[in-house]
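Visitor: Provided herewith is a single structure, encoded as structure tokens, for subsequent inquiry.
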Amino acid sequence: MSRNIDTIFVDLGDTFRVIRKDTAYETAAKTRICELLGYEGDPVAFYHDVIEPRYDKYREWALHFYCEAPVKELWTRWLAYDFPRDRVEANADAMTFQYRQTKGERVVTDGGAETVKELYRRGYTLAIVSDLVGTREVDEWLDRDGLRPYFKSVQQSSVCLIRKPHPAIYYYALAECGSEGKHTCYVGDNLNRDIVGAKAAGLGMTVAVQYPGKKPQTVTDENRPDVFITHFSQLLDLFPPLH
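Numbering (this note's numbering), first residue to last: 427 to 669.
Right, dumping it as structure tokens:
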């Protein structure tokens, strides 16, 4: 069922990468945020009582405008506006990285790396199109895991400042890959962002990942993907060798 697809875009969170919960790991990140801010109180309470409610407000703005704020703006306008501005700006990148770690350790899903390498071997052009805050984490992970050579484009909302389902972030990836939308498939987990956005950008195929244990999503005519899969490696059943 390749539909003349020669390019595959993948989402990161809950698609190519999943969260592995680790209380000690998460607490260490919360503690580090407080250290960077110069806050001397309980780091866990500060995170839950201050940072998370403020981030919820930021997320409302981001989802409304399909936009990601630069990290300095994120911290000086939303998350730590009542701390010394110079200190906040100087540590914004580091605090954003730590904020991501407060959710748990992100690891490649079972069979994910092997699947990407095989799709690349089969001749497909691959790219990442993902919404996330921070510009440090993904680059470090791609280099650490040796996966950078397999992706021709890496589009992050934190870099281009546009979030899905805005079609522009997909267009950036298409341009960098030199691919046509009608020959491109998007693989993601969120129907209302990943799938709706891919359709708005005119991509030729959409695949939704539904890992076991995840909360079911309401399927509509607008967000219905062409295919549902429950394991990342099932992409190999959909996309045979091109040559």
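Here a beta-carbon is modelled for each residue, glycine too, at the ideal position from N, C-alpha and C. As the structure is a computational prediction, the values presented were derived from the model and not from experiment.
(1) What residue range does the beta strand (DSSP E) around C611 cover?
(2) What is the rounded straight-line gap between the Cα of T449 and the Cα of V470?
(3) In this structure, how does DSSP classify G628 when only helix, strand and coil are distinguished?
(4) So, with DSSP's three-state summary, where would you put E531?
(5) In terms of residue numbering, what span does the beta strand (DSSP E) encompassing L587 cover?
(6) In angstroms, rounded to a whole number, what distance separates the CA positions of I554 and D475?
(7) Excluding the five sequence neighbours on either side, which residues of its own chain have a C-beta within less than 8 Å of the C-beta of G464, listed in chain order?
(8) Suppose the cutoff is 6 Å on Cβ atoms and the five residues either side in sequence are ignored; what does the same chain contact list for Y598 look like?
(9) Starting from T541, trace the beta strand (DSSP E) both ways and give me its first and last residue.
(10) Less than 8 Å between the C-beta atoms of K590 and D620, yes or no?
(11) Just the Cα atoms here: how many angstroms apart are V454 and L573?
(12) Rounded to the nearest angstrom, how far is the Cβ of V635 from that of G614, given a contact under 8 Å?
(13) Which first and last residues belong to the beta strand (DSSP E) in which F491 is found?
(14) I'd like the list of long-range same chain contacts for V622, defined as Cβ closer than 7 Å, with 5 residues on each side in sequence excluded.
(15) Taking I477 and L438 to be in contact with their CB atoms under 8 Å, please state how far apart those CB atoms are, rounded to whole angstroms.
(16) Quick check on the DSSP output: the alpha helix (DSSP H) that includes R458 runs from which residue to which?
(17) Roughly how many angstroms separate the alpha carbons of H609 and Q643, rounded to a whole number?
(18) Helix, strand or coil: how does DSSP classify Q660 here?
(19) Using the rule of at least 16 other Cβ atoms within 10 Å of the residue's Cβ for burial, across every protein chain shown, is C493 buried or exposed?
(20) Rounded to a whole number of angstroms, what is the C-alpha to C-alpha distance between K543 and G467?
(21) Going by C-alpha to C-alpha distance, which of F435, E606, D557 sits closest to L489?
(22) Taking the DSSP output, what are the residues bridged to Q581?
(23) Using a threshold of 8 Å, state whether the C-beta atoms of D432 and L668 are closer than that.
(24) First and last residue of the alpha helix (DSSP H) that includes F435?
Guide: Looking at the atomic coordinates:
(1) 610 to 614
(2) 11 Å
(3) coil
(4) strand
(5) Careful: L587 lies outside any beta strand (DSSP E) and carries neither H nor E.
(6) 33 Å
(7) F509, P510, R513
(8) Q581, C586
(9) From DSSP, T541 is part of no beta strand (DSSP E) but of the alpha helix (DSSP H) over 538 to 547.
(10) yes
(11) In the sequence as presented, Val is not what sits at residue 454; that position holds Ala. If I take the Cα positions, the gap works out to 27 Å.
(12) 7 Å
(13) Looking at the DSSP string, F491 is not in any beta strand (DSSP E); the run it does join, the alpha helix (DSSP H), is 478 to 491.
(14) P591, E648, N649
(15) Contact flag wrong, Cβ pair sits at about 22 Å.
(16) 449 to 463
(17) 27 Å
(18) helix
(19) exposed
(20) 46 Å
(21) D557
(22) V555
(23) yes
(24) Premise fails: F435 lies in the beta strand (DSSP E), 433 to 436, not in any alpha helix (DSSP H).
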